[in-house]
Amino acid sequence: MSSTAQVPPVLELRGVHKTYRLGLHVVPALQGVDLLVQPGEMLALTGPSGSGKSTLLNLAGLVDRPDAGEVLFRGRSLAGLSETQATYLRRDAIGFIFQSFNLVPVMTVADNVDYPLFLAGLPVAGRKQRIAEMLRAVGLTEHAKHRPDALSGGQRQRVAIARALVKRPTLVIADEPTASLDSQTADQVFELMRECGHAQRAAFLIASHDPRLVRRCDRIVTMLDGRIVADARERIAA
Amino acid sequence: MNARWLKFAWLNTLRNRRRSIVTAGIAALGTAAILLAGGFALFTYEGLAQISARTTGHLIVAKPEQFLRDEDTPLQNGLDEVATLRAGLLADPAVRHVLPRVEFSGLISNGDKSTVMIAAGIDPDAEFAVKGPFLTLRSGAVLASGERNQVMLGAGLARSLKAEPGSSLTLLVSTTQGALNAQDVSVKGVFSSGIAEVDSRLLYTDVETAQKLLVTQRISSFGVFLNRIEATDPARARIAAALPQLTVQTWLDQALFYKSVKELYNRIFGALGLIIGAIVIFVVANAMAMAIIERTREIGTLRALGTLPAQLIRSFALEGLLLGGAGAALGSLGALAISVALLVFPVEMPPPPGRSSGYPLQISIDPALYGATLGAILLLAMLAAALVARRSVAKPIVEALAHV
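Pasting the structure below:
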């Protein structure tokens, strides 16, 4: 028995359903989704618009709750979790990377990266060291004092990656992280995510339409109409 | 409160500087308006309190009946053994002066014309020494102790009788026994009390002339002047205990005008304060509402990153506090500058209704008023911001992140 077999999956979705109301219409966003994400795994979620990728990311990132089914994080069911407990769990264990970067414009690069550590209540000295390491890792040491609006799109996404990884999360949720970038910058950003993620053994759940990015992930899950219709690793294993 | 949140709030207030300046500016105007109006009211109260206490004395000592009903004959309820009583009152450590007063009324005539007078017999030297320039001397001189059969007339009364300093007049009164008595007097001076109705009837003479005219040794009351107006209540308690057969009233008991003005001003300026407070709330709430709508997506991001709703509400409340605080500080400085400027460059206000002289416009600089106003503006601004933020922060994260 290997030691990895005893480690619970980072994320497990069991028969998850989620519907939205759009006026009088009820839209089934997820219809009985089952999914396991292992530690350190880089999983690409792909599929057409409206297939349920973002909804799945929202549930995985604990910013939304399923109508039915169960979400387990590190083997623990989130069903009875209060809003405050969910907030603490996001703060401590989940990183977010958004398509539009979503940096706080009034904060410097260093302050943006520092924010999750500040929220977690880490001592200032320890935070400074981790910020410096993270900025070095994403190649933005010289831009630490700059505001986001002084950076290029690629640089901003690197700041967002640093902000997501600085707290050493178990899971990183990335919603179209390269959609706002040109192909060369997108490649660089993806490589950065892979390097930093592997170094920290963080699992990545990446929603993307970009086939070049998707192909480079460890596993490709394809969604259609709220269901998983293909799981590349499983297919390969089969 | 972590300084990081304060810094974050400060940086957020700088996002839209024009809006922040307008918000803080309105808070500043509101603060200045409250402080100036409140300071003016306080100055008026202080002035009226001093005038009231100076007119009657801080304490008025008389027989109980003197305060309860009109006399059938002059000095029916007057005080006897005046010298003993005065010595006893002066023995109190807080008492500075004790001034006798004989109040009576009757007719005054220039030979051709008679009119009603309201007269007060006073101890002139002590009265003018204690009260200071409480009358405006229009002509002639003030009374002096030891001079008998001399009077000072109110300006209206003098005009009615065509009297001037040196004129001879006749006072006609009922004595304490009910008989008629007359006394020729000479006009020493003409004064104005500042109140036209009073000036048309009032006359001052010395106590001895009044007692001689009324054929009595009594006086109506003693006006007791203390070292400080704040000593009024303790001194009243001591004197009342020492003289249980007499009634001791304070200046406030007799200051009907002071009480009326205070009640009126409290209502006017209270309503003004409420209106200004409401304006500050609306302005800060409006500014914060716009800021929050603009930052809905950012709120979603911060919530996703693990910020508690309470932390975000606190951050927005701090923004309100900074805006309100900057406005309150500016408004306080402005009010302070105007108050000081009015001391250096006096502005005379026109006479109020019923009075014949104006008064200097001054604004009291009261630390308690400044503290309370600053505190109230800060609290209102903070509460307005927190209330507006509460709903937005509670919005589902997914919705906030999707906000465009």
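One line per chain: the protein sequences are Z and A, in this order. Per our numbering, the very first residue in the first sequence carries number 238; after that it's consecutive. Per our numbering, the very first residue in the second sequence carries number 10; after that it's consecutive. Glycine included, C-beta positions come from ideal geometry on N, C-alpha and C. Every value quoted in this text rests on a predicted model; they were computed, and no experiment measured them.
In this structure Ala36(A) does not touch Gly384(A) by the C-beta definition: roughly 13 angstroms separates them, more than the 8 angstroms allowed. Asp134(A) sits in a helix when the DSSP states are folded into three classes. Among the CB atoms of chain Z, one or more fall inside 7 angstroms of the CB of Leu20(A). Looking at the backbone, the Cα of Ala305(Z) and that of Val253(Z) are separated by about 6 angstroms. Look at the stretch 319-352 of chain Z and you find these whole runs of alpha helix (DSSP H), each 4 residues long or longer: 320-330. In the DSSP annotation of this structure, the continuous segment of the beta strand (DSSP E) that includes Pro265(Z) starts and ends at 262-274.
For Phe231(A), there is no enclosing alpha helix (DSSP H); the enclosing beta strand (DSSP E) covers residues 230-235.
Put simply, the backbone Cα of Lys140(A) is about 24 angstroms away from that of Phe49(A). Nearest neighbour of Ile398(Z) by Cα position, chosen from Pro353(Z), Lys382(Z), Leu280(Z), turns out to be Pro353(Z). Along the length of the stretch 396-440 of chain Z, whole beta strand (DSSP E) runs at least 3 residues long occupy 408-412, reported in chain order. Phe355(Z) reaches chain A at Asn11, Arg13, counting residues in chain order whose Cβ is nearer than 9 angstroms.
Below the 9 angstroms Cβ cutoff, chain Z contributes Pro342, Val343 as neighbours of Arg24(A), in chain order. Val247(Z) is outside the set of residues whose beta carbon lies under 7 angstroms from a beta carbon in chain A. Around the beta carbon of Lys404(Z), a 10 Å sphere encloses 16 or more other beta carbons of the protein chains shown; the residue is thus reported as buried. In the structure shown, Ile374(A) adopts coil according to DSSP, grouped into three states.
Around Ala313(A), the beta-carbon contacts reaching into chain Z at under 8 angstroms are Gly298, Val300, Arg327, Phe333. Counting every other CB atom within 10 Å of its CB across the protein chains shown gives Val356(A) a total below 16, marking it as exposed.
Nearest to Pro133(A) by C-alpha distance, out of Gly198(A), Leu166(A), Leu23(A), is Gly198(A). Apart from the 5 residues on each side of it in sequence, His383(Z) sits with its Cβ closer than 7 angstroms to the Cβ of Thr345, Val346 in its chain, given in chain order. At a C-beta separation below 9 angstroms, Thr407(Z) has no neighbours in chain A, since its nearest C-beta there lies roughly 13 angstroms away.
Across the stretch 307-327 of chain Z, CB contacts with chain A closer than 9 angstroms involve Glu320, Thr321, Thr324, Tyr325, Leu326, Arg327, in sequence order along the chain. With 16 or more other CB atoms across the displayed protein chains lying within 10 angstroms of its CB, Arg393(Z) is buried.
Put simply, of Leu283(A), Leu180(A), Met126(A), Ile322(A) the residue whose alpha carbon is nearest the alpha carbon of Met297(A) is Ile322(A).
Here Pro369(A) carries a strand assignment [DSSP, helix/strand/coil]. The criterion of a C-beta distance shorter than 7 angstroms is not satisfied by Leu211(A) and Gln192(A). Under DSSP, Ala129(A) takes part in a beta bridge, and its partners are Glu112(A), Tyr213(A). The beta carbon of Asn295(Z) sits closer than 7 angstroms to some beta carbon of chain A.
The beta-bridge partner set that DSSP reports for Tyr257(Z) consists of Val264(Z). Ile406(A) reaches chain Z at Val300, counting residues in chain order whose Cβ is nearer than 7 angstroms.
Using beta-carbon distances, Asn349(Z) does not count as an interface residue toward chain A, since no partner is under 7 angstroms. In this chain, the alpha helix (DSSP H) harbouring Phe278(A) covers 265-303. The DSSP-derived three-state label of Leu280(Z) is strand. For Asn190(A), the enclosing beta strand (DSSP E) begins and ends at 189-201. Proximity of Thr310(A) to chain Z, defined by a Cβ-Cβ separation below 7 angstroms, is satisfied. Assignment of Glu249(Z) by DSSP, reduced to helix, strand and coil, places it in the strand class. Beta-bridge partners of Ser183(A) (DSSP): Leu189(A).
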